[in-house]
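Trainee:
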Amino acid sequence: MVPEGPSARTLRQSTFVSTRSFKLRASPPKNKPGTLKTLSNSVIPIWLWLPLSFVLVATAVVAESVERGPRPSLGGEVGPRILGPPVTRGTFEYRYWASGQSLVGLSVPTPVLIVSGAQPGPTVCLTGAVHGDELNGVEIIRRVLFGLDPTQTNGTVVGVPIVNLHGFRRSSRYLPDRRDLNRFFPGDARGSSAARLAQSLFSEIVRHCSYLVDIHTGSFHRTNLAQIRADLGDASILKLARMFGDIAVLNNPGTVGTLRRAAMEAGIAAVTMEIGEPLRLQPEQVEVGANGILDLLAGLGVTVRDEVKPKVQPVYYQSTWSRADDGGILLAEVGLGETVSVGQLLGTVTDPITNERKSIVSPVEGRVIGMAINQVVMPGFAAFHLGHLTGSVGVAQAAKSLATGRGGRQPSRGAVGDLSSLTPIPGVDEDVSDDLVVPETEMEPDDHRE
Ligand SMILES: [Zn+2]
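Heads up: the sequence shown begins at 108 in this note's numbering, then just goes up one per residue.
(1) Where does V173 sit, in a helix, a strand or coil, going by DSSP?
(2) Note down the Cα distance separating V313 from L242, rounded to an integer number of angstroms.
(3) Based on the DSSP secondary-structure assignment, which residues constitute the bridge partners of G235?
(4) Use the C-beta contact count for L438: other C-beta atoms within 10 angstroms, 16 or more gives buried, fewer gives exposed.
(5) Given 6 Å as the limit, tell me if H238 has its C-beta closer than that to any heavy atom belonging to ligand 1.
(6) For I460 and Q482, I'd like the C-alpha separation in whole angstroms.
(7) Mind pulling the alpha helix (DSSP H) runs of 4 or more residues that sit fully within the region 330-402?
(8) At a threshold of 6 Å, does E241 count as lining ligand 2 (C-beta to nearest heavy atom)?
(9) Over what stretch of residues does the beta strand (DSSP E) that includes G244 continue unbroken?
(10) If we ignore side chains and look at the alpha-carbon of each, how far apart do A479 and V185 end up?
(11) Between H315 and ligand 1, is the CB less than 6 Å from at least one heavy atom?
(12) Could you check whether the Cβ of H323 sits closer than 6 Å to any heavy atom belonging to ligand 1?
(13) Distance check for I476 and V86, CA to CA, integer angstroms please.
(14) Looking at C-alpha atoms only, which residue of R387, E463, C316 is the closest neighbour of H238?
(15) Closest to V441 by C-alpha separation, out of A397, G435, R474, F253, would be which residue?
(16) Whole angstroms are fine: how far does the CA of P417 sit from the CA of P135?
(17) Run through DSSP, which three-state label would S300 get?
(18) Provide the residue span of the alpha helix (DSSP H) that contains G274, from first to last.
(19) Does the region 290-305 come into contact with the region 349-364, if we say contact requires no fewer than three beta-carbon pairs (one atom in each stretch) closer than 8 Å?
(20) Kindly list the residues whose CB is nearer than 6 Å to the CB of G197, restricted to its own chain and excluding five residues on each side of it in sequence; keep chain order.
(21) Of all the options L288, G298, N261, which has the alpha carbon lying nearest to the alpha carbon of V409?
(22) If we define contact as Cβ-Cβ less than 7 Å, is G442 a contact residue for chain C?
(23) Let me check one thing: in DSSP terms, what residues is K465 bridge-paired to?
(24) Please confirm whether F275 and A236 have their CB atoms less than 7 Å apart.
(25) Would you be able to state if there are at least three C-beta pairs under 8 Å between the region 324-339 and the region 367-383?
(26) Considering only residues of the same chain and omitting the five flanking positions on each side of A355, which have a CB-CB separation below 6 Å?
(27) Assign V245 to one of two classes, buried (16 or more other C-beta atoms within 10 Å of its C-beta) or exposed (fewer than that).
(28) Who are V447's beta bridge partners in DSSP?
(29) Here's the rule: buried if 16 or more other CB atoms are within 10 angstroms of the residue's CB, otherwise exposed. What is V447?
(30) Do you know how far the Cα of V264 is from the Cα of G450?
(31) Can you tell which of Y318, D413, V471, G494 has the C-alpha that lies nearest to the C-alpha of T379?
(32) Could you say which of M485, R349, Y203 lies nearest to K465 if we only look at CA atoms?
(33) Quick check on W428: does DSSP put it in helix, strand or coil?
(34) Among H495, H323, T497, which has the Cα closest to the Cα of G396?
(35) Which residues in the same chain have their Cβ closer than 8 Å to the Cβ of H315, if we skip the five residues on either side of it in sequence?
Here it is as structure tokens:
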């Protein structure tokens, strides 16, 4: 992963002087090389040269120290306080989050990328690899952050590409103690290792955010269609969910303990982006995800974009998991994003010993928004995640209805304009939670909550 343009230079510099900040594009002007020559060609008396030289040298030294040295004090020209003193407007900075969950001498702080816009605005936070084996978000954050020009940005964009550094190093979803970090937010400074780590991230970074996008993928050999999971019962979150271009939206309040849910409860407008498979870097998915976040930044006024055509954004108020009733080799007959009808064959499960084959059929008219990759499965395995088409409606339309109190095309339960129809629907498949695509009984036996 080689960053493009000026960012690559900054990465190299950071290898040597990692704790300093650098002004990428807002550096103070240096003396132009031609200045002395011009002066020497002029008719300035010789006795003026000594003081003039002194002034020139002093100016050069000051300019150099401003660029490479500690951040200058700019009074009100600063952004939010994150992981240290307030960030300086118009800069790209590396800062480091030390979770304290290691021996002090062996601790490797987690890098945090901060684009601090030249103009004030909201603080948008992007988190990736809360599950250490989910790689698409790491690349999405790199692409978005290094693509921003601090001088043309309003507000602050904070990227934590790899939250779970321990899991990332081991290609594991979990923390070293087998706990799922995304069940421990907002954390507890006196709790388990996972709770302390969650508390540290939450207090040091997340609490400073106006908006949060936590990026995930499917888990355990499953893949997800690019989708935003959002509590559409909250007007501010509904508004946020509308800003991701044409990425689908799934109404979901979020499981207790997830970063998204904890952020929402702290008053931060938060959504989860689900995109692709774990343990893989998928260029097409990364592009879709990065474009969605760029749409979001433009929508929030963090960046300025030429007029963008409104995009159709499907939203699913309900979803269902179709499971394998028998064990065997699962082979899918449908693809991610495909629309399916009631009774349509989704896949087959074949016992490799008896050659007995069973079918998994769709119980609803819907769209495949998540699915298992072909593999050997056990009875009860959650294989196809279907968004209900009868419960879908354009997000823009839903928001409009919410604002006017008038319904358009109706979702399956209640009128669109009825606020209650946008609140969590009782009876919705409980497996449909942030990234929790399998019930806990299907996880490793030692994976548990405290
Ligand atoms: Zn995840």
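All residues carry an ideal CB built from backbone N, CA and C; glycine is no exception.
Mentor: Working from what's here:
(1) Position 66 of the sequence shown holds residue 173. Below a pLDDT of 50, predicted positions are generally treated as unreliable, and V173, at 35, falls in that range; the measurement from the model is reported next regardless. Look at V173 here: in three-state DSSP terms it is helix.
(2) For the purposes of this step, residue 313 is taken as residue 206 along the sequence shown, with counting starting at 1. For the purposes of this step, residue 242 is taken as residue 135 along the sequence shown, with counting starting at 1. Computed Cα separation, rounded: 21 Å.
(3) Locating residue 235 in the sequence shown gives position 128, where the first residue counts as 1. The bridge partners DSSP lists for G235 are I322.
(4) Numbered from its first residue, the sequence shown carries residue 438 at position 331. Flag for L438 reads exposed.
(5) Taking the sequence shown and counting its residues from 1, one reaches residue 238 at position 131. True, at least one ligand heavy atom lies under 6 Å from that Cβ.
(6) By one-based count along the sequence shown, residue 460 stands at place 353. By one-based count along the sequence shown, residue 482 stands at place 375. Looking at the two C-alpha atoms, the distance is approximately 15 Å.
(7) Qualifying alpha helix (DSSP H) stretches, in chain order: 342-348, 366-372.
(8) Ligand 2 is absent from the structure shown, which contains only ligand 1.
(9) Here residue 244 refers to the residue found at position 137 when the sequence shown is read from its first residue. DSSP places G244 in no beta strand (DSSP E) but in the uninterrupted alpha helix (DSSP H) bounded by 243-254.
(10) For the purposes of this step, residue 479 is taken as the residue at position 372 of the sequence shown. For the purposes of this step, residue 185 is taken as the residue at position 78 of the sequence shown. Straight-line Cα distance between these residues: approximately 47 Å.
(11) By 1-based counting over the sequence shown, the position of residue 315 is 208. Relative to ligand 1, even the nearest heavy atom lies 6 Å or more away from the CB of H315.
(12) Residue mapping note: residue 323 aligns to position 216 of the sequence shown, counting from 1. Within the cutoff, so yes.
(13) The chain is shown only over 108 to 557; residue 86 falls outside these bounds and no answer can be derived.
(14) As a working mapping, residue 238 is identified with position 131 in the sequence shown. The option with the nearest alpha carbon to H238 is R387.
(15) Along the sequence shown, one-based indexing puts residue 441 at 334. For the residues A397, G435, R474, F253, the minimum Cα distance to V441 belongs to R474.
(16) For the purposes of this step, residue 135 is taken as the residue at position 28 of the sequence shown. For the purposes of this step, residue 417 is taken as the residue at position 310 of the sequence shown. Low per-residue confidence applies at P135: pLDDT is 34, beneath 50, and the placement is therefore not dependable enough to give any value.
(17) To locate residue 300, count along the sequence shown from 1; it is residue 193. Three-state DSSP puts S300 in a helix.
(18) Looking up residue 274 in the sequence shown gives position 167. Residues 272-276.
(19) The region 290-305 vs the region 349-364: in contact.
(20) Taking the first residue of the sequence shown as position 1, residue 197 is located at position 90. These residues qualify, in order along the chain: A133, A225, P257, T258.
(21) For the purposes of this step, residue 409 is taken as residue 302 along the sequence shown, with counting starting at 1. Measuring from the Cα of V409, the nearest candidate turns out to be N261.
(22) The structure shown contains no chain C; it holds only a single protein chain.
(23) Numbered from 1 along the sequence shown, position 358 holds the residue referred to as residue 465. V456, per the DSSP bridge assignment.
(24) Taking the first residue of the sequence shown as position 1, residue 275 is located at position 168. Taking the first residue of the sequence shown as position 1, residue 236 is located at position 129. Yes, these two residues count as a Cβ contact at 7 Å.
(25) Judged by Cβ distances under 8 Å, the region 367-383 makes contact with the region 324-339, as three or more pairs qualify.
(26) Stepping through the sequence shown from its first residue, residue 355 is reached at position 248. Apart from the 5 residues on each side of it in sequence, A355 sits with its Cβ closer than 6 Å to the Cβ of Q334, P421 in its chain, given in chain order.
(27) Translated into positions along the sequence shown, residue 245 becomes position 138. Buried, by the Cβ-count rule.
(28) Along the sequence shown, read from residue 1 onward, the residue named residue 447 stands at position 340. Answer by DSSP bridge pairing, in chain order: G473.
(29) As a first step, residue 447 is located in the sequence shown; it is residue number 340 there, counting from the start. It counts as buried.
(30) Locating residue 450 in the sequence shown gives position 343, where the first residue counts as 1. Locating residue 264 in the sequence shown gives position 157, where the first residue counts as 1. Answer to the nearest angstrom: the Cα atoms are 46 Å apart.
(31) Counting from one through the sequence shown, the residue named residue 379 turns up at place 272. Of the listed residues, the one whose Cα sits closest to T379 is Y318.
(32) Within the sequence shown, the letter at position 358 stands for residue 465. For K465, the closest C-alpha among the options M485, R349, Y203 is that of M485.
(33) As a working mapping, residue 428 is identified with position 321 in the sequence shown. Correct three-state label for W428: strand.
(34) Working through the sequence shown from its first residue, we reach residue 396 at position 289. Closest option to G396, Cα to Cα, is H323.
(35) On the sequence shown, position 208 is the one that residue 315 refers to. Hits under 8 Å: P187, R188, I189, T230, C232, V265.
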